[in-house]
Each structure stands twice: as structure tokens, then as C-alpha cells.
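So in full-length UniProt numbering the end of the sequence shown lands on 382, straight run, no missing numbers.
C-beta atoms are modelled at their ideal positions from N, C-alpha and C, and glycine is treated no differently.
As the structure is a computational prediction, the values presented were derived from the model and not from experiment.
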Amino acid sequence: EKLGIALVGLGNYSTNQLAPALQETKNCYLAGIVTGTPSKIDDWTKKYDIPQKNVYNYENFDEIANNDDIDIVYVVLPNAIHPEFVIRAAKAKKNVICEKPMATNVEDAQKMLDACNENGVRLAIGYRLHFEPFNKRVMEFGQQQVFGKVKSITANNSSDMTSNKPNIWRLDKELAGGGPLMDLGIYAVQGAVYTMGKPPVAVTAAYGEVTKPLYFHDVEQSIHWELEFEDGVKAQSNSSYAEEQNELSAEAENGWWKLSPAYAYEGKKGETSEGKMDYPNIYEQVKQMDSQAASFRKNEKSIVPGEMGVRDMKILMAIYESADAGGKRVEIQY
Ligand code: NAD
């Protein structure tokens, strides 16, 4: 029997990716919705055959504790609101999937993980690329030293996420926690870390120039950083809301590889020093949610657990700390 998922927040990602993916999942299905926008309810309940008793708003959400149709709460809200809903879901004794970035600071991320542990539920993060063939192969290249030891990594993720609107939550530090680093750069950080199979020990970072001050007075327009791993390997990264970049590549002792695009939903391409990488482009959110539902059912940790989200918040905050301090080398404490 499939586990029931309730999506919290019916914005772009829920509407265009997760809900359609949940029509193809085998281990879970779209059982409920939680929304602050009543006008969306009719469309969603009709389109996805969701009973009225499985529809909640942000005020009555805690009553979900009494609803046996809902096994998993999937939080797809602006970043700063993730903590509140993950913690409320945990108190309602529901397993939780939380979108990236998990929170906007390390303290909140740790509280979310603690709340899930205290309530005996599991927490997984929406890191879809761990379920995708090109990125999985890169994990093997790096971690199993298929081309020898990794010598250096380049990971860039940039895109204009402003929708030509200066007042969206992604440009509001309170709600987003930061700019492109929080939204896109997190994939580059993840890419470097899963290429190496271990977290970095230190970081240096610098903000880029602001050329569009109407949009970027609260969060950074762009940022670049260098992660340093314990054996001296370095990963160079850039993330910007005013460029287009989508790359995860590495040089190793006996060869190289490059994914580009590496992080997009579709159309991934890869090449190595030995030729083209040939894998199917899959519906990765389907794989992600099926894997997470299976782990919840077995009461096992997901391969992208809450702990990984906390770890990444520590890395992201160290990147900002370094950039704020004018490029000072910051050691990362885990
Ligand atoms: P969005 O702006 O399209 O949707 C956000 C939703 O939150 C809207 O429905 C909005 O009504 C609701 N909301 C509730 N309180 C709000 C408030 N105070 N201010 C603004 N909106 C509020 O955003 P999105 O692109 O769907 O992103 C949602 C989350 O999903 C983010 O954490 C984002 O990083 C993540 N995301 C992940 C992926 C991925 O590939 N894993 C892709 C896109 C987004």
C-alpha cells in the first residue's frame, strides 16, 4: 500500500514538479494539501482527486495528526518557513521531507532534526540529484577513484531566478536566508561534497559585483567560493542570479569528467576523458520520493537524511561568514 503525502505550499515546485511526479510514484501518492491560498483548493482537489478532509490551511495544519491518510508531510515553502512546518509535522508524528535549503541558519536546522528525533519520525531533504544516473556516476568516479584521485573540482550553478520581480521572497533575506547561494549554490556545494564523499574542512569566499541594485539590495547577486578538503583538494564554485551556469566537473590523476547541465531537471549531459556519458534522463523527483517513502516505511534513514541538511547549512553559513569577513579562511565545524 502506498504512503500518503501531503504537500505544504502549492507554489511552482509543488505545482509543476512534485504533484505530477506523485502521479507516477509507486511507494507514495498525493493524499493531501496544505495551503494558505483558498482559491487553489478547488483546482487541486479536482485535478488530483483529493478529499476535502485532507485539505488543510496553515492554521489548522496541526490537526493532520489525526489523519491516517497522511503518512508524510512534504514542506515546499519559502526557506525561512521550513523550520516551523517541519517541527509542527514532527509533533503531529508524521515523517517529513523538507525542501532545500533545509533552513536559513544552522540553529533552526538542528532544531528541526532534533524535533524529528524526539518525536520518533524520520526527516529527509529534497536532494533529488542523489537519485539521478549522471550525478550518481560522478559520485562513483570521485569516491571510488575510477580515474584515480580527484585533484580539483569546478561546480557552478547560476540562473536568473528573479522572474523580473524585485519583490519576490527569493530576494528577501528574511524569507530566503540569502541569495543564489541558498537557492542554487547549494547544488554546487553538494556536487563537490558528493564527488569527494566527505565534507570540506574550510572555505574562502567573496561576493561578486552588484550590477542590478533594484533586485540585489538585501541578498547577494553573486558569490564565489573555494572549498578545501582535508587532503588539500579544492573545489571552485560560483553562483549567481544574473548569469547562466550549470556545471559539475573534476580533474583526477588519470582523467576528467564534466556534467553540463548537471543540476537541471532535464537534459543532463556528461562527458569524461574516455568519451560521452550515456544515461537516460529520468523523472528524478519520482525516484526521490519513492526512495524516501521506502526508507520511511522501513524506519530507516533516507540516503539524504536531515543530518545531511544540517551539514550543508554549516557549509553555507561558513561561506557567508568568509564572504562577510572579506575572504577570510573559515574552518567549518561539524
Ligand atoms: P514559490 O514561490 O513558487 O512557492 C512558494 C509557496 O509558498 C507559494 O505557494 C506561496 O503562496 C507559499 N507561501 C507561504 N508563505 C509565504 C510567504 N510568507 N511568502 C511567500 N510565499 C509564501 O517557490 P518554489 O520555487 O515552489 O520553492 C519552494 C521551496 O522549494 C523552496 O525552499 C525552494 O528552494 C524549493 N525548491 C526546490 C527545488 C528542487 O529542485 N529541489 C526546485 C524549486 C524549489
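One or two residues paired with Cys146 in a DSSP bridge:
In the DSSP output, where bridge partners are listed per residue, Cys146 has Val123, Ile173.
Please classify Gln71 as buried or exposed, where buried requires at least 16 neighbouring CB atoms within 10 angstroms.
Exposed, since its Cβ has fewer than 16 Cβ neighbours within 10 Å.
Taking just the CA atoms, how far does Ile98 sit from Glu319?
The C-alpha of Ile98 is placed about 43 Å away from the C-alpha of Glu319.
For the region 315 to 367, list the beta strand (DSSP E) runs that are entirely contained and at least 3 residues long, ordered along the chain.
Listed in chain order, they are 318 to 320, 323 to 325.
DSSP three-state call for Tyr242: helix, strand or coil?
Per DSSP, reduced to three states, the secondary structure at Tyr242 is helical.
Pick from Asn60, Thr243, Glu155, Asn108 that is closest to Tyr382, judged by C-alpha positions:
Selected option, being the one with the closest Cα: Glu155.
Which parts of the UniProt domain "GFO/IDH/MocA-like oxidoreductase" (191 to 294) are runs of the alpha helix (DSSP H), unbroken and 4 residues or longer, counting only runs that do not cross its ends?
The qualifying runs are 221 to 224, 234 to 244.
Would you say the beta carbon of Glu147 is closer than 7 Å to some non-hydrogen atom of the ligand NAD?
Flag set: Cβ of Glu147 near the ligand NAD.
Cβ neighbour criterion (16 or more within 10 Å) applied to Gly168:
The residue in question, Gly168, is exposed, as its Cβ has fewer than 16 Cβ neighbours within 10 Å.
Determine the contact status of His272 and Asn286, defining contact as a CB-CB distance below 8 Å.
Contact: yes.
Quick check: what's the CA-CA separation for Ser62 versus Lys260?
Taking the straight line joining both Cα atoms gives about 29 Å.
Return helix, strand or coil for Glu299, following the three-state DSSP convention.
In this structure, Glu299 counts as strand in the three-state DSSP scheme.
For Pro214 and Ser207, what's the separation of their Cα atoms in angstroms?
Spanning the alpha carbons of Pro214 and Ser207 requires a straight line of approximately 15 Å.
Counting only the same chain and skipping the five closest in sequence on each side, list residues whose C-beta sits under 7 Å from that of Asn205.
Answer for Asn205: Leu232, Gly233, Tyr235, Ala236, Ser287, Gln293, Asn294, Tyr311, listed in chain order.
Sorry if obvious, but does the Cβ on Tyr61 come closer than 7 Å to a heavy atom of the ligand NAD?
The answer is yes for Tyr61.
Would you mind giving the Cβ-Cβ distance between Gly227 and Phe264, rounded to the nearest angstrom? I have them listed as a contact below 8 Å.
Yes, Gly227 and Phe264 are in contact; Cβ-Cβ is about 7 Å, under 8 Å.
Which partner residues of Gly80 appear in the DSSP bridge assignment?
Answer is Ala54.
Would you say Glu54 and Asn102 are within 8 Å of each other, going by their C-beta atoms?
Looking at the sequence shown, residue 54 is not Glu but Ala. Contact check for Ala54 against Asn102 passes: the beta carbons are separated by less than 8 Å.
Measure the CB-CB distance between Ala163 and Ile135 and report whether it falls below 8 Å.
The answer is yes: Cβ separation under 8 Å.
Own chain partners of Val56 with C-beta closer than 7 Å, once the 5 adjacent residues on each side are dropped
Within the same chain, Val56 has close Cβ partners Val82, Val121, Tyr122, Val123, Val124, Leu125, Phe133.
Hey, Arg176 and Ser350 are a contact pair by Cβ (cut 8 Å); roughly how many whole angstroms apart?
With 8 Å as the limit, Arg176 and Ser350 do not qualify as a contact, their Cβ atoms being about 12 Å apart.
Asn127 beta carbon near the ligand NAD (any heavy atom closer than 7 Å):
Yes - the ligand NAD has a heavy atom lying nearer than 7 Å to the Cβ of Asn127.
Is Tyr327 near Phe182, with beta carbons less than 8 Å apart?
Cβ distance < 8 Å, so Tyr327 and Phe182 count as in contact.
CB-CB length for Cys146 against Ile118, believed under 8 Å:
That belief does not hold up - the Cβ atoms of Cys146 and Ile118 are roughly 16 Å apart, past 8 Å.
Could you pull out every residue in the same chain whose Cβ sits closer than 7 Å to the Cβ of Ser308, ignoring the five residues on either side in sequence?
Once the five neighbours on either side are set aside, the close Cβ partners of Ser308 are Asn294, Glu295, Lys317.
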